[in-house]
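Data first, discussion second: the structure below is written as structure tokens.
In full-length UniProt numbering, the protein residues as written are 1 to 290.
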């Protein structure tokens, strides 16, 4: 197996085990850790991310550095955010050992991806490329898209069911809150499956890639107002919007007024609406309160 890309010797299964043993690391379910040990997979992820030479790639949860190393040869710089202090402390040395001519492109931030702010970064990240911890993948993606307007595209590996939900379209059985909120920021699409065997330890769930390209929000109405509406609409999926939004609007009658004003049938359900529909409903409510 070819374990090299330009200027980089990628980590293979033996390297991953050696590093883990050196650091006394056992992957934990709490942190959602499953380390990729297959060079072909990280090459595939980097190729699918469509990185340019001037991109600043953001990686959340780099772990032992399998994907990090492949990113170094594909873009201008890489910022790796790692919550585990033991893993974070080793990453720069791993880059120096495996990519000596490119290691200066790497910045390691020992931090929680759920809490990073734009001000934490030496330069604004432009692309998110990561094998995300599966237990927090949706909130991490939504937090980063909200906090980092500079992120204009990305490719992330998540649990297959999460990939389906993030990329779902109205009418799908798995369409819901993550689908609508992600669509507020970007065009999100499923980008293919990932076999279980490329991970150590082998997870008991299937994985998949999700790509996104940022676009303008569908409305200038306050995002938080739209998101609270979305939460209300899907909290009681089986109810019509007139009933489901009664608490959000103040009453079922007011909910119906806002829905009609937005051109939405009050007897429909949340899973039938796209993000632009929700934005119009929030606009109608805002207009009624002015």
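The beta carbon of each residue, even a glycine, is placed where N, CA and C say it ideally should be.
I'd like to confirm the pairing. Which residues does DSSP put opposite residue i in its beta bridges?
{"i": "residue 164", "result": "DSSP output for residue 164 lists no bridge partner at all."}
{"i": "residue 184", "result": "None; residue 184 has no bridge partner."}
{"i": "residue 200", "result": "35"}
{"i": "residue 193", "result": "208"}
{"i": "residue 213", "result": "153, 187"}
So what's residue i in DSSP terms, helix, strand or just coil?
{"i": "residue 270", "result": "helix"}
{"i": "residue 10", "result": "coil"}
{"i": "residue 265", "result": "coil"}
{"i": "residue 259", "result": "helix"}
{"i": "residue 21", "result": "helix"}
{"i": "residue 239", "result": "coil"}
{"i": "residue 230", "result": "helix"}
{"i": "residue 2", "result": "For residue 2, the pLDDT reaches just 46, beneath the cut-off of 50, and the residue's location in the model is therefore unreliable, although a value from the coordinates is still provided. Note: residue 2 maps to coil in three-state DSSP."}
{"i": "residue 247", "result": "helix"}
{"i": "residue 277", "result": "helix"}
{"i": "residue 26", "result": "coil"}
{"i": "residue 220", "result": "coil"}
{"i": "residue 290", "result": "coil"}
{"i": "residue 283", "result": "helix"}
{"i": "residue 15", "result": "helix"}
So, residue i versus residue j, is the Cβ gap smaller than 8 Å?
{"i": "residue 212", "j": "residue 154", "result": "yes"}
{"i": "residue 281", "j": "residue 264", "result": "yes"}
{"i": "residue 46", "j": "residue 129", "result": "yes"}
{"i": "residue 191", "j": "residue 210", "result": "yes"}
{"i": "residue 278", "j": "residue 162", "result": "no"}
{"i": "residue 106", "j": "residue 8", "result": "no"}
{"i": "residue 41", "j": "residue 226", "result": "no"}
{"i": "residue 178", "j": "residue 138", "result": "yes"}
{"i": "residue 111", "j": "residue 78", "result": "no"}
{"i": "residue 311", "j": "residue 91", "result": "Nothing in the structure corresponds to residue 311, since the chain is present only between 1 and 290."}
{"i": "residue 217", "j": "residue 184", "result": "yes"}
{"i": "residue 249", "j": "residue 236", "result": "no"}
{"i": "residue 39", "j": "residue 12", "result": "yes"}
{"i": "residue 158", "j": "residue 207", "result": "yes"}
{"i": "residue 188", "j": "residue 196", "result": "no"}
{"i": "residue 262", "j": "residue 283", "result": "yes"}
{"i": "residue 257", "j": "residue 233", "result": "no"}
{"i": "residue 215", "j": "residue 151", "result": "no"}
{"i": "residue 156", "j": "residue 164", "result": "no"}
{"i": "residue 94", "j": "residue 19", "result": "yes"}
{"i": "residue 266", "j": "residue 238", "result": "no"}
Minimum length 3: unbroken beta strand (DSSP E) runs contained in the stretch 47-84
56-60, 77-82
Going along the chain, which unbroken runs of the beta strand (DSSP E) with 3 or more residues stay wholly within the stretch 96-178?
106-110, 127-131, 153-159
Is the stretch 50-67 close to the stretch 121-140, with three or more CB pairs under 8 Å?
Contact between the stretch 50-67 and the stretch 121-140 is established, with three or more Cβ pairs separated by less than 8 Å.
Three or more beta-carbon pairs under 8 Å between the stretch 68-76 and the stretch 84-100, yes or no?
yes
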